[in-house]
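Chemist: When you line the sequence shown up against our numbering, it's residues 127 to 613, in that order.
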Amino acid sequence: MRSTILAWVVAIGLIGLVTGCEDDNQSAVQGEAKIGGTVTDDATLAPIAGVSVRANSVSLGSKTTVTNDQGYYEFTFEVDSSATVELVFTKSGYNDKTETTTVNSATFLTLNVDVTAKSPIIGGGGSDGGSGIAQTIAFLSAEPQEVSVYGVGGLETALLEWEARDSLGLPIDAANAIDITFTIVGGPGGAEYISPRTVTTSALGKAFTTFNSGVRSGVAQVKASATVGGRTIETSPIRIVINAGFPDQAHFTVGPARHNFPSLLFVFGKRNPISVLVGDKYSNPVQPATALYFRSSAGVIQAAVHTDDDGQGSADLISGNPYPLGAAADPMAGDGYHFVVAHTIGESGVDVMDSTLILWSGFSEIKNITPTTFDIPNGGTQVITFNVSDYLGHPLSAGTIITVAATVPPPPCPDCPINTVGNSFGIDGSLTLDDYLVSGPGITDFSFVLSDGSTDINDPIGTTVTVRISVESENGDATTSFVGTLH
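What follows is the structure in structure tokens.
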């Protein structure tokens, strides 16, 4: 007899080992998913008949069944690919149990469950062995926890499950059923809503409602409340995330960290991040992890990145062959220039894309100084023009410092009078370049005025003035000087 009992226990234990297994050899066919299993007492391992099993799914609806004499239950669903299902197991004298799983088309899923008997000490919250009146409302689940904005083809509805409990924490029964009202107390304000707004609890104390997204992404908060015996009970708000929709061309922006990329120096490995901001048609950031793709006619660029919660992503343009010269350059802008293109897929599979123009600047050059010497009379001035650029005449990169210094020799004695020279270039003789793409005045073409700073000294012979122009830049440093006379 003892060996027979042991064999029965081992057999039941083996059944428990296959909980949650999928078996493609069962009777489920394409377009159909099945789930079934045995409900047992977790203490005795004996099958339990008469267990109420409820299957809830946002996409598949709700079904109920009862275990047979062998404790077995089974559901069949019509499903194209896969769906999430919540199973609730209830029986008088046992604690409820909830399992959430995924069913797949043409697959039979075995889900065996054990349940725990209630303690006979607490029996129930009511004098008749049932529950007491509702004291609290508990939030149980949201399936799924994140939805998409309305109208973009994603999952727009979440099934919310709540439970009303008595003072002992037991689910209230049908005799003490209450009406629970659901309210959105905070959200993005895109016409999201709850349906139904008010639900009467079931014999198991449960209440189900659906949250439906609107046209704006963000976080919504939902609160459940009820009036029991003239007293209001309610939950703290729970959060539902509304993700945004597909990328939209009107809300697609691409730009580099640096338009002027000091890389036409024939060195490789320098990086220039190219950033993209992507929104949907409602001006919200697109759904996180939206893929962005990049291409460039010059250098090498990371092929793909994924957006963050703000709809942003960034790929590095890396200097190297081919440099933007000849066929690798943009045919309209010419050597040194090229475009980086970023694109993604929008609604209905349309391409969403934009591009940004990049200038690869080369080594620093100072040239075209006019005049290269001067003779300034007492009280006079002289305008000097010059050019600072790379060898193609393009601007140097942001942060480049250009300095003009005009100096005279020291006097032959401490008390000897000395001529001084004024210099109008920049601020205190220097200026710093911004991120420029094209040449022009104040970018590559400069001028300054030298002036006699000591009009009370008339120097017929003249004082030598040395003018020094220097460049400090990622494009390389450069310097040149020339001399003239000041009277």
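All C-beta atoms, glycine included, are put in the ideal place defined by N, C-alpha and C.
#1: I believe residue 257 touches residue 299 by the beta-carbon criterion, under 8 angstroms. Please report the beta-carbon distance rounded to the nearest angstrom.
#2: Which runs of the beta strand (DSSP E) spanning at least 3 residues fall entirely within the region 163 to 217, listed in chain order?
#3: From the DSSP output, which residues share a beta bridge with residue 428?
#4: Inspect the CB distances between the region 396 to 408 and the region 489 to 508 and report whether three or more fall short of 8 angstroms.
#5: What residue range is occupied by the uninterrupted beta strand (DSSP E) comprising residue 291?
#6: Mapping the DSSP letters down to three states, classify residue 375 as helix, strand or coil.
#7: So who's on the other strand from residue 347, going by DSSP bridges?
#8: Only counting the same chain, and skipping five residues up and downstream in sequence, which positions put a Cβ closer than 8 angstroms to that of residue 408?
#9: Could you tell me which residues DSSP puts in a beta bridge with residue 469?
#10: How do the region 191 to 205 and the region 263 to 270 stand: do at least 3 beta-carbon pairs fall below 8 angstroms, yes or no?
#11: How would you label residue 586, buried or exposed, when you count the other beta carbons within 10 angstroms and need 16 or more for buried?
#12: When you compare only the Cα positions, how much space is there between residue 595 and residue 529?
#13: Is it buried or exposed, residue 584, if we count other Cβ atoms within 10 angstroms and call 16 or more buried?
#14: Taking only the alpha-carbon atoms, compute the straight-line gap between residue 412 and residue 444 and give it to the nearest angstrom.
#15: According to the neighbour-count rule (16 or more other Cβ atoms, all chains shown, within 10 Å of its Cβ), is residue 212 buried or exposed?
#16: Considering only the alpha carbon of each residue, which of 510, 466, 564, 416 lies closest to residue 425?
#17: Are residue 354 and residue 471 touching if we call contact CB-CB under 8 angstroms?
#18: Who are the Cβ neighbours of residue 224 in its own chain at under 6 angstroms, not counting the five residues just before and after it?
#19: If we ignore side chains and look at the alpha-carbon of each, how far apart do residue 238 and residue 244 end up?
#20: Starting from residue 410 and walking both ways along the beta strand (DSSP E), at which residues does that stretch end?
#21: Do residue 519 and residue 570 have their C-beta atoms within less than 8 angstroms of each other?
#22: Under a Cβ-count criterion, where at least 16 other Cβ atoms within 10 Å of its own Cβ denotes burial, should residue 166 be classed as buried or exposed?
#23: On the three-state DSSP scale, how would you describe residue 447?
#24: Does the separation of the CB atoms of residue 284 and residue 229 fall below 8 angstroms?
#25: Let's see if you can read the secondary structure: which residues bound the beta strand (DSSP E) around residue 276?
#26: With a threshold of 16 other CB atoms inside 10 Å of the CB of residue 294, please say whether the residue is buried or exposed.
#27: When you compare each of 380, 200, 553, 473 to residue 280 by their alpha carbons, which one comes out closest?
#28: How far does the beta strand (DSSP E) with residue 244 in it reach, from first residue to last?
#29: Does residue 515 come out as helix, strand or coil in the three-state DSSP assignment?
#30: On the DSSP bridge list, what partners appear for residue 382?
#31: Can you tell me whether residue 610 is helix, strand or coil according to DSSP?
#32: Just grab the DSSP bridge partners of residue 321 for me.
#33: Can you tell me whether residue 488 is helix, strand or coil according to DSSP?
#34: When the Cβ atoms of the region 376 to 391 are set against those of the region 326 to 337, are three or more pairs found closer than 8 angstroms?
#35: Would residue 431 and residue 437 qualify as a contact pair, given that the criterion is a beta-carbon distance under 8 angstroms?
#36: Taking 8 angstroms as the cut-off, decide whether the C-beta atoms of residue 577 and residue 552 are in contact.
Modeler: On the basis of the data shown:
#1: Right, the Cβ-Cβ distance comes to about 5 angstroms (below 8 angstroms), so this counts as a contact.
#2: 178 to 183, 187 to 192, 198 to 204, 208 to 216
#3: None, per the DSSP bridge assignment.
#4: no
#5: 283 to 291
#6: helix
#7: 312, 365
#8: 275, 316, 341, 342, 343, 370, 371
#9: 419, 479
#10: no
#11: By the C-beta density criterion, residue 586 is exposed, having fewer than 16 other C-beta atoms within 10 angstroms.
#12: 6 angstroms
#13: exposed
#14: 27 angstroms
#15: Residue 212 counts as buried, since at least 16 other C-beta atoms from the protein chains shown sit within 10 angstroms of its C-beta.
#16: 466
#17: no
#18: 214
#19: Between residue 238 and residue 244, the C-alpha separation is close to 20 angstroms.
#20: Taken as a continuous stretch (DSSP letters only), residue 410 belongs to no beta strand (DSSP E), as it is neither H nor E.
#21: yes
#22: Per the 10 Å Cβ criterion, buried.
#23: Three-state DSSP puts residue 447 in coil, outside helix and strand.
#24: no
#25: No beta strand (DSSP E) contains residue 276, which DSSP labels as neither H nor E.
#26: By the neighbour-count rule (16 or more Cβ atoms within 10 Å), residue 294 is not buried but exposed.
#27: 473
#28: No beta strand (DSSP E) holds residue 244; DSSP gives it neither H nor E.
#29: strand
#30: 400
#31: strand
#32: 336
#33: coil
#34: no
#35: no
#36: no
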